[in-house]
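I have placed the structure first, in the form of structure tokens, so that the comments after it can refer back to it.
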Amino acid sequence: MPDTPLDLEILLDRETRIDLAARLDAYIDSDRDDELHHGDPLASFLALATEIRDALRHPVLSDTDRARIHARAVDLAARRSRGLRRTWPQLAHLGTHPAVVGGAAAAVLAIAGLAALRDRRGAHAPRPLLGVA
Amino acid sequence: MPHRTPQSLAAERLLILAAQRDPQAFAPLYTKYVDQIYAYAYTLTRNKDQAEDVTAATFARALEELPRFEWRGVPYSAWLYRVASNLVARDKRRPGWIELSPHTSADADETPEHIATLHDRDAHIREAVDTLPHDQRQAILLRFGGELRNKEIAEIMGRSEGAIKLLTFRAMTTLRRRLGAPLPAERDDHSEPRRHHA
Numbered sequence: 001m002p003d004t005p006l007d008l009e010i011l012l013d014r015e016t017r018i019d020l021a022a023r024l025d026a027y028i029d030s031d032r033d034d035e036l037h038h039g040d041p042l043a044s045f046l047a048l049a050t051e052i053r054d055a056l057r058h059p060v061l062s063d064t065d066r067a068r069i070h071a072r073a074v075d076l077a078a079r080r081s082r083g084l085r086r087t088w089p090q091l092a093h094l095g096t097h098p099a100v101v102g103g104a105a106a107a108v109l110a111i112a113g114l115a116a117l118r119d120r121r122g123a124h125a126p127r128p129l130l131g132v133a
Numbered sequence: 001m002p003h004r005t006p007q008s009l010a011a012e013r014l015l016i017l018a019a020q021r022d023p024q025a026f027a028p029l030y031t032k033y034v035d036q037i038y039a040y041a042y043t044l045t046r047n048k049d050q051a052e053d054v055t056a057a058t059f060a061r062a063l064e065e066l067p068r069f070e071w072r073g074v075p076y077s078a079w080l081y082r083v084a085s086n087l088v089a090r091d092k093r094r095p096g097w098i099e100l101s102p103h104t105s106a107d108a109d110e111t112p113e114h115i116a117t118l119h120d121r122d123a124h125i126r127e128a129v130d131t132l133p134h135d136q137r138q139a140i141l142l143r144f145g146g147e148l149r150n151k152e153i154a155e156i157m158g159r160s161e162g163a164i165k166l167l168t169f170r171a172m173t174t175l176r177r178r179l180g181a182p183l184p185a186e187r188d189d190h191s192e193p194r195r196h197h198a
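Just so you know, the protein sequences line up as chains A and B, in that order.
Using the numbering used here, the first residue of the first sequence is number 1, and each one after it goes up by one.
Using the numbering used here, the first residue of the second sequence is number 1, and each one after it goes up by one.
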């Protein structure tokens with residue numbers, strides 16, 4: 001067994017190496033299911049590629065980790081946009097929903113606006129035509 | 001070999017469209033990619049806390065940008081990886097950045113279960129990937145963990161497609177040696193043909 005990472009590259013000439021890298025690349029991106037001989041270096045590279053993919057796609061976080069990161073992400077986003085607190089369902093149980101707060105605030109502002117408009121009309125608007133004498 | 005298929009991409013596009021209509025529908029995308037982004041962030045930072053910071057910031061950005069996100073026919077993860085990469089690059093320019101060696105950062109609070117899994121083949125592979133040079137590690141993680149194409153990886157890493165192909169091949173050569181895979185010259189050329197299934 002060779003000792004350095006480059007030993008395989010020394011064993012194979014440059015052309016073979018380039019060809020192997022290109023074939024490996026094509027196989028990784030394709031649905032090809034050709035038969036390969038064990039003697040073909042590509043066979044063992046592909047087997048290794050499959051192993052690496054499976055190993056790297058193995059979950060690395062616990063549910064607690066995911067929940068914690070998720071809460072931090074929502075907090076970070078919420079600092080810039082309050083509406084984003086609604087993004088994930090698990091935040092819905094927090095009690096007062098931002099949409100409710102927003103809706104209530106809008107209603108209060110609307111009432112205040114109407115009251116101000118009525119006051120101004122009281123001072124400057126013409127008397128109603130059908131008003132009570 | 002590929003898990004990434006036109007069908008899987010189409011399904012992902014639907015997930016994104018659903019999330020754009022209703023942000024609560026972002027949850028499946030988060031669940032699908034959080035582990036990958038964390039693993040990538042850890043590969044870049046070598047620090048669990050920083051990896052978590054980067055992952056949280058990446059998904060925060062994803063939430064903010066979701067209404068403006070435009071589908072380009074590549075996995076959503078390509079966009080997430082790019083954001084994570086940019087965040088790490090930005091943070092590295094700040095004073096106080098601490099990059100720990102691989103075994104001092106991850107092993108500090110290993111659980112018994114985690115220690116047990118170190119004996120698994122998967123754990124050996126992850127360990128071997130962890131010891132690759134930085135660029136090779138990144139390329140392997142994006143190629144196999146993220147199932148991205150060379151062109152997409154090149155964009156994320158700011159390298160040429162050719163450079164990515166070379167990095168990946170060199171990394172796989174190293175991994176073959178470290179993981180004990182027999183070299184082609186030592187194999188039996190008269191053995192039976194076999195099919196490769198992913």
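Backbone N, C-alpha and C define an ideal beta-carbon position, used for all residues, glycine too.
Own chain partners of residue i with C-beta closer than 6 Å, once the 5 adjacent residues on each side are dropped
i        : result
B/Glu152 : Val74, Ala78
A/Asp75  : none
A/Arg80  : none
B/Glu52  : none
B/Lys165 : Asn150
B/Arg82  : Ile156
Cβ-based neighbour list, residue i, same chain, cut-off 7 Å, excluding 5 preceding and 5 following
i        : result
B/Leu87  : Val54, Ala57, Thr58
B/Glu12  : Pro75, Tyr76
B/Asp49  : none
A/Ile28  : Ala49
B/Gln36  : Ser77, Gly145, Gly146
B/Asp135 : Leu167
B/Tyr30  : Phe59
DSSP three-state assignment for residue i, whether helix, strand or coil
i        : result
B/His124 : helix
B/His134 : helix
B/Val207 : Since the first residue shown for chain B is 1 and the last is 198, residue 207 of chain B is missing from the structure and cannot be characterised.
B/Thr104 : Caution is warranted here: a pLDDT of 38 is assigned to B/Thr104, below 50, making its placement in the model unreliable, and no coordinate value can be reported.
B/Val83  : helix
B/Leu148 : coil
A/His70  : helix
A/Ser44  : helix
A/Val60  : coil
B/Phe199 : A question about residue 199 of chain B goes unanswered here, because the residues of chain B that appear run from 1 up to 198.
B/Gly162 : helix
B/Ser8   : helix
B/Arg46  : coil
B/Arg93  : coil
B/Leu179 : coil
A/Asp75  : helix
B/Asp199 : Chain B is shown from 1 up to 198; residue 199 of chain B falls before or after that span and cannot be answered.
Same chain, Cβ closer than 8 Å to residue i, neighbours up to 5 away in sequence not counted
i        : result
B/Ile125 : Leu175, Leu179
B/Tyr33  : Tyr76, Ser77, Leu80
B/Leu132 : Ile140, Ala171, Thr174, Leu175
B/Ala154 : Ser160, Glu161, Ala163, Ile164
Any non-hydrogen atom of the ligand ATP within 8 Å of residue i CB
i        : result
B/Leu167 : No copy of the ligand ATP occurs in the structure displayed, which carries no ligand at all.
Inter-stretch contact at 8 Å, needing at least 3 Cβ pairs: the region 10-27 of chain B / the region 42-53 of chain B:
no
Is the region 43-55 of chain A touching the region 15-29 of chain A in the sense that three or more CB pairs, one from each, lie closer than 8 Å?
yes
Given 8 Å, three or more beta-carbon pairs between the region 47-64 of chain A and the region 143-157 of chain B
yes
Under 8 Å, with one C-beta from each stretch per pair, do the region 156-172 of chain B and the region 59-79 of chain A reach the 3-pair mark?
no
Using a Cβ-Cβ cut-off of less than 8 Å, give me the residues of the region 45-65 of chain A that come near chain B, in sequence order.
Phe45, Leu46, Ala47, Leu48, Ala49, Thr50, Glu51, Ile52, Arg53, Asp54, Ala55, Leu56, Arg57, His58, Pro59, Val60, Leu61, Asp65
Residues from the region 127-144 of chain B in contact with chain A, defined by Cβ distance under 8 Å:
Val129, Ile140, Leu141, Arg143, Phe144
Mind checking the region 54-69 of chain B against chain A and listing, in chain order, the residues whose C-beta falls within less than 7 Å of any C-beta there?
Answer set for the region 54-69 of chain B: Thr55, Ala56, Ala57, Phe59, Ala60, Leu63, Glu64.
Residues in the region 148-161 of chain B with C-beta within 8 Å of chain A's C-beta atoms, listed in sequence order?
Arg149, Asn150
Where the region 26-38 of chain B meets chain A: residues whose CB sits under 7 Å from a CB there
Phe26, Ala27, Tyr30, Val34, Asp35, Tyr38
Within 7 Å of chain B by C-beta, residues of the region 71-82 of chain A in sequence order
Arg72, Ala73, Leu76, Ala77, Arg80, Ser81
Name the residues in the region 40-53 of chain B whose C-beta lies less than 9 Å from a C-beta of chain A; which are they?
Within the region 40-53 of chain B, the qualifying residues are Tyr42, Glu52, Asp53.
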